[in-house]
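Sequential numbering of the sequence shown, starting at 1, is according to UniProt numbering.
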Amino acid sequence: MKEIGLYIHIPFCEKKCYYCDFTSFSGEKHLIGPYVEALKQEVLLYKEALTGYEIKTIFFGGGTPSILSGEAMAELMEWIRRHVEIDTKAEISMEANPGLLSKDKLHRYYDSGINRLSIGLQACQDHLLKSLGRIHTYGDFIQNLADARGVGFSNINVDMMFALPNQSMNEWKASLTEIIDLGVPHLSTYGLIIEEGTSFNQWVEDKKIKTLDEELELAMFHETIRILKSKGYTHYEISNFSKPEYECRHNQIYWRNRPYLGLGVGAHSYFEKMRFSNTSHIGIYINKINIGEKPLDTQELITRNDEISETMFLGLRLLEGVSINDFTERFQSSVFDVYGDVINKLISQGLLTIKGDRIRLSQRGVDLSNIVFAEMLLE
1 MKEIGLYIHI
11 PFCEKKCYYC
21 DFTSFSGEKH
31 LIGPYVEALK
41 QEVLLYKEAL
51 TGYEIKTIFF
61 GGGTPSILSG
71 EAMAELMEWI
81 RRHVEIDTKA
91 EISMEANPGL
101 LSKDKLHRYY
111 DSGINRLSIG
121 LQACQDHLLK
131 SLGRIHTYGD
141 FIQNLADARG
151 VGFSNINVDM
161 MFALPNQSMN
171 EWKASLTEII
181 DLGVPHLSTY
191 GLIIEEGTSF
201 NQWVEDKKIK
211 TLDEELELAM
221 FHETIRILKS
231 KGYTHYEISN
241 FSKPEYECRH
251 NQIYWRNRPY
261 LGLGVGAHSY
271 FEKMRFSNTS
281 HIGIYINKIN
291 IGEKPLDTQE
301 LITRNDEISE
311 TMFLGLRLLE
321 GVSINDFTER
331 FQSSVFDVYG
341 DVINKLISQG
351 LLTIKGDRIR
361 LSQRGVDLSN
371 IVFAEMLLE
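This is how it looks when you write it as structure tokens:
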């Protein structure tokens with residue numbers, strides 16, 4: 001059978017964080033029931049198209065998936081199992097926010113088949129959490145982590161953010177040390193990006209907050225790599241670190257440019273040589289599903305050059321890089337025939353290296369990855 005990943009978007013939040021530009025909504029909890037029913041019907045809209053596919057990973061993202069009750073998650077998982085083929089060893093991940101978890105809820109999630117938890121901590125200092133608009137404290141995270149492990153979760157990621165306004169290097173290093181000492185097997189670490197339409201963006205324009213100095217941000221990134229590698233974590237993707245065998249299998253589908261189907265409001269898909277996305281309007285999403293229509297907003301046929309470009313710039317996010325042999329097998333052309341001059345230029349600039357079968361970013365290339373990725377775009 002062909003392999004595919006499944007992404008399911010849960011857009012509800014208790015409160016919109018100040019930095020967030022994802023498709024998410026606060027104050028709309030009354031729509032959770034109708035939305036879950038719409039998700040179930042969207043599964044049916046793709047049931048025939050998924051014939052011959054086996055789902056290798058499922059990822060519940062948000063928003064805040066942990067806003068769902070244990071019963072709602074169990075109902076949704078049972079529906080999916082009934083209508084599509086899921087690998088018995090599938091990685092099934094769910095994002096969760098501290099402060100919205102309980103031992104009983106975690107039990108229900110675990111019993112429903114969720115086997116990987118991604119907890120959005122972001123910082124270990126309560127004053128920084130408050131400045132981000134988070135609803136939880138570090139103490140909430142500690143309790144939720146203990147409860148998650150108590151019900152059986154061992155594959156756990158923690159999301160952390162650096163380069164926050166007023167964050168010091170010592171605070172960032174202390175946060176990393178705290179999480180390492182807790183024995184969490186996977187960390188995702190992201191430098192804050194000020195996105196348009198967010199509260200942070202408005203506050204920067206109004207000079208109410210200042211972004212961190214770029215040199216300090218880069219130093220924080222380098223310290224992240226140094227500290228985590230010294231403690232036995234593999235730096236396997238630009239922003240991701242794991243202990244052996246704990247790499248996120250779902251995200252590797254994206255980075256290897258393999259097919260995935262996204263369900264829910266604002267979800268994106270790459271399926272059967274098409275990229276398409278759902279409407280970001282929750283009312284339109286539910287209404288279209290209820291009349292049996294796919295709630296599509298955009299559709300684009302992926303050309304060969306598109307696929308090559310995406311395979312390269314996504315694949316180079318992985319520290320193992322892109323396999324020369326896999327590229328040839330996938331596209332029936334040598335990567336050097338397509339990118340020969342570009343690759344030579346980037347090697348001469350110290351941004352790429354070739355070792356054996358792999359083209360990969362150098363350490364300088366990791367720092368300047370956007371420059372490399374731009375070079376991978378074909379006309």
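Every residue gets a Cβ at the ideal spot worked out from N, C-alpha and C, and that includes glycine.
Item: Below 8 Å on the Cβ atoms is my guess for Asp140 versus Leu106; work out the distance and round it to an integer in Å.; Value: Incorrect: roughly 13 Å between the Cβ atoms, too far for contact.
Item: Using DSSP with H/G/I as helix, E/B as strand and the rest coil, what is Glu320?; Value: coil
Item: Given Gly191, which residues of its chain have a CB within under 7 Å of its CB, disregarding the five upstream and five downstream residues?; Value: Phe162, Ala163, Glu217 and Phe221
Item: According to DSSP, is Arg358 helix, strand or coil?; Value: strand
Item: Enumerate, from N- to C-terminal direction, the unbroken alpha helix (DSSP H) stretches of 4 or more residues contained entirely within the region 288-355.; Value: 304-315, 324-331 and 335-348
Item: Could you compute how far the alpha carbon of Leu39 sits from the alpha carbon of Tyr53?; Value: 19 Å
Item: In this structure, how does DSSP classify Arg256 when only helix, strand and coil are distinguished?; Value: coil
Item: Span of the beta strand (DSSP E) holding Met161?; Value: Ile156 to Phe162
Item: Beta carbon of Ile55, beta carbon of Ala96: below 8 Å?; Value: no
Item: Leaving aside the five residues before and after Lys231 along the sequence, list all residues of the same chain whose C-beta is less than 6 Å from its C-beta, in chain order.; Value: Ile180
Item: Using CA coordinates, which residue listed in Lys229, Ile209, Gly150 and Val366 is at the minimum distance from Tyr18?; Value: Ile209
Item: Between Gln349, Leu377, Asp341 and Phe336, which lies nearest to Val366 when the distance is taken from Cα to Cα?; Value: Gln349
Item: Run through the DSSP bridge pairs and tell me what His136 is partnered with.; Value: Note: His136 sits in no beta bridge, so no partner.
Item: DSSP beta-bridge partners for Gly120?; Value: Asp159
Item: Just grab the DSSP bridge partners of Thr234 for me.; Value: Ser242
Item: So, with DSSP's three-state summary, where would you put His186?; Value: strand
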